[in-house]
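Trainee: Letter by letter, the sequence shown follows residues 0 to 249 in numbering that gives the first Met the number 0.
Every residue, glycine too, gets a C-beta built ideally from N, C-alpha and C.
These numbers come from a predicted model, not from an experiment.
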Amino acid sequence: MATRIVEHLPIQSDRNTITNWIKRLTAGIELAIFKCKEKLPTDAEEKKKDIEFLKLNMLIANIGGPGFGELSSLTAPRDPEKMKYAELIKLLEDHYAPKPNLIGEEYRFSKLVQESGETLPAFYTRLKVAAQTCSFGDRYGLMIRNRLICGIRNSKIREELLSCKDDATAGDVYELARQKEMEISVGNSIGTNSQLSVNHVEKRGQSSGKPNHYQRSGGKSNQYKRTNSTVACAKCTLRGHSADNCRVKC
C-alpha cells in the first residue's frame with residue numbers, strides 16, 4: 000500500500016495551508032483504512048491499535064523531511080513516533096494556526112470593503128475566508144451577506160441589494176450583485192459605442208465638407224438649428240432654408 004497520499008507539508012505554512020493539508024491527509028488515511036479493513040483484526044482493541052499505528056505512520060511518511068524536523072522540534076524532548084496521532088495534529092495546528100483573537104478578527108471583518116480593482120467574486124471569496132476565523136456560528140451566512148452589501152464599491156448596486164428580502168441568503172445577494180454588475184457593464188458598453196458612432200458620423204460630415212443635420216445659427220445663443228429640405232423660403236421660394244436665413248438678394 001502506498002504511503003504517500005499528499006504533498007509534503009510546506010515549512011512556511013499559514014492557517015489555510017495547514018488546515019487544508021490536514022483535511023487531505025485525513026481523507027487519505029480514511030481511504031487507506033477502508034481499503035485494508037478486511038485485514039484489520041476483529042478484536043476491537045487490537046483494531047484500534049492497528050488504526051492508530053497506520054495513522055501515525057502515514058502522518059510521518061507524508062509530512063516530509065523539513066516538516067518532520069519542525070515536528071520533532073515541537074515534540075522535543077519526546078520522539079514524534081512515540082506520541083499519539085491526535086497529539087501531533089494538535090501540535091501542528093497550534094504552531095501553524097494558533098487560535099485567533101475573536102474580537103480582533105471580527106473587528107477586521109467588519110471593516111472589509113471591496114478594494115479598487117478587486118472583482119466581485121474575489122471580494123466575496125475574501126469575505127468567506129475572513130469569516131472562518133470569527134465566531135459567527137449559525138450567523139456565518141448572515142454576516143457575509145450584510146458585509147457584502149455594506150462593502151461593495153458600486154453605490155447603485157448597493158441600493159439594489161438593500162431592497163432584498165430579509166430571508167435572502169449571502170448567495171442570493173451575491174448572484175443579484177453579479178447580475179446588476181453585468182447589466183451596468185453592458186449599458187456602459189452600449190453607451191460608449193453609441194457615442195463613438197455619433198462622433199464618427201459628425202467627423203465624416205465635417206471632413207467631406209457637407210453640412211450635417213445641425214447647422215450653427217447666428218446670434219448670441221450660438222445654438223444649433225435643424226434644417227429641413229422641405230421648407231421653402233418666403234422670399235426667394237427656394238427650399239432648404241427659411242426667410243430669416245435667406246442670403247439671396249431679391
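Looking at the secondary structure, which residues open and close the alpha helix (DSSP H) in which residue 2 lies?
Mentor: No alpha helix (DSSP H) holds residue 2; DSSP gives it neither H nor E.
Trainee: Whose C-alpha, out of 172, 18, 166, is nearest the C-alpha of residue 120?
Mentor: The shortest C-alpha separation from residue 120 is found at 172.
Trainee: In the DSSP output, what is residue 238 paired with across the bridge?
Mentor: Answer is 231.
Trainee: According to DSSP, is residue 151 helix, strand or coil?
Mentor: Coil, per DSSP.
Trainee: So, residue 146 versus residue 109, is the Cβ gap smaller than 9 Å?
Mentor: Cβ distance < 9 Å, so residue 146 and residue 109 count as in contact.
Trainee: Figure out for me which residue from 236, 44, 70 has the closest Cα to the Cα of residue 92.
Mentor: Closest by alpha carbon: 70.
Trainee: Return the chain-ordered ranges of every alpha helix (DSSP H) run that is complete within the segment 30-110 and spans a minimum of 4 residues.
Mentor: Segments of the alpha helix (DSSP H) lying fully in the segment 30-110: 43-62, 64-74, 84-95, 101-109.
Trainee: Less than 9 Å between the C-beta atoms of residue 102 and residue 21, yes or no?
Mentor: Contact flag unset, no.
Trainee: Buried or exposed for residue 144, please, with buried defined as at least 16 other CB atoms from any protein chain shown within 10 angstroms of its CB.
Mentor: So residue 144 ends up on the buried side.
Trainee: Quick check on this structure: which residue in 8, 142, 158, 137 has the alpha carbon closest to the alpha carbon of residue 61?
Mentor: Nearest C-alpha to residue 61: 8.
Trainee: Find the nearest neighbour of residue 90 within the set 67, 167, 151, 157, judged by alpha-carbon distance.
Mentor: Of the candidates 67, 167, 151, 157, the one whose C-alpha sits nearest the C-alpha of residue 90 is 67.
Trainee: Return helix, strand or coil for residue 164, following the three-state DSSP convention.
Mentor: Note: residue 164 maps to coil in three-state DSSP.
Trainee: Rounded to whole angstroms, what's the CA-CA distance from residue 5 to residue 57? Just pull it up for me.
Mentor: Those two C-alpha atoms are separated by around 10 Å.
Trainee: Could you tell me the boundaries of the alpha helix (DSSP H) in which residue 125 lies?
Mentor: Here the alpha helix (DSSP H) through residue 125 covers 119-130.
Trainee: With distance defined between alpha-carbon atoms, name the residue in 238, 76, 142 nearest to residue 123.
Mentor: The residue with the shortest Cα to Cα distance from residue 123 is 142.
Trainee: Identify, in the order they occur along the chain, each residue of the same chain with its Cβ nearer than 7 Å to the Cβ of residue 314, setting aside the five sequence neighbours on each side.
Mentor: The structure shown does not extend to residue 314, since the chain spans only 0 to 249, so no value can be given for it.
Trainee: Quick one: residues in its chain with C-beta nearer than 6 Å to the C-beta of residue 152, no 5 flanking neighbours on either side, listed in chain order?
Mentor: Once the five neighbours on either side are set aside, the close Cβ partners of residue 152 are 113.
Trainee: Would you kindly work out how many angstroms separate the C-alpha atoms of residue 234 and residue 244, rounded to a whole number?
Mentor: Taking the straight line joining both Cα atoms gives about 10 Å.
Trainee: What is the DSSP secondary structure of residue 112, counted as helix, strand or coil?
Mentor: Residue 112 falls in the coil class under three-state DSSP.
Trainee: Determine, using beta carbons only, whether residue 51 and residue 83 come nearer to each other than 9 Å.
Mentor: For residue 51 and residue 83, yes; Cβs fall inside 9 Å.
Trainee: Enumerated in chain order, which unbroken segments of the beta strand (DSSP E) with a length of 3 residues or greater are wholly contained in the segment 5-31?
Mentor: Counting only runs of 3 or more, we get nothing.
Trainee: If you draw a straight line from the C-alpha of residue 30 to the C-alpha of residue 97, how long is it?
Mentor: Going from the Cα of residue 30 to the Cα of residue 97 covers about 28 Å.
Trainee: Around the Cβ of residue 176, are there at least 16 other Cβ atoms within 10 angstroms (buried) or fewer (exposed)?
Mentor: Buried, since its Cβ has 16 or more Cβ neighbours within 10 Å.
Trainee: Here's the rule I'm using: 16 or more other beta-carbon atoms within 10 Å means buried, otherwise exposed. How should residue 47 be labelled?
Mentor: Looking at its Cβ environment, which holds fewer than 16 other Cβ atoms inside 10 Å, residue 47 is exposed.
Trainee: Using the Cα positions of residue 104 and residue 33, report the straight-line distance between them to the nearest angstrom.
Mentor: Whole-angstrom Cα-Cα distance: 39 Å.
Trainee: Could you name the residues of the same chain whose beta carbon sits closer than 7 Å to that of residue 157, not counting the 5 residues immediately before and after it, in chain order?
Mentor: If we look at residue 157 and ignore the five residues flanking it on each side, its Cβ neighbours are 148, 151.
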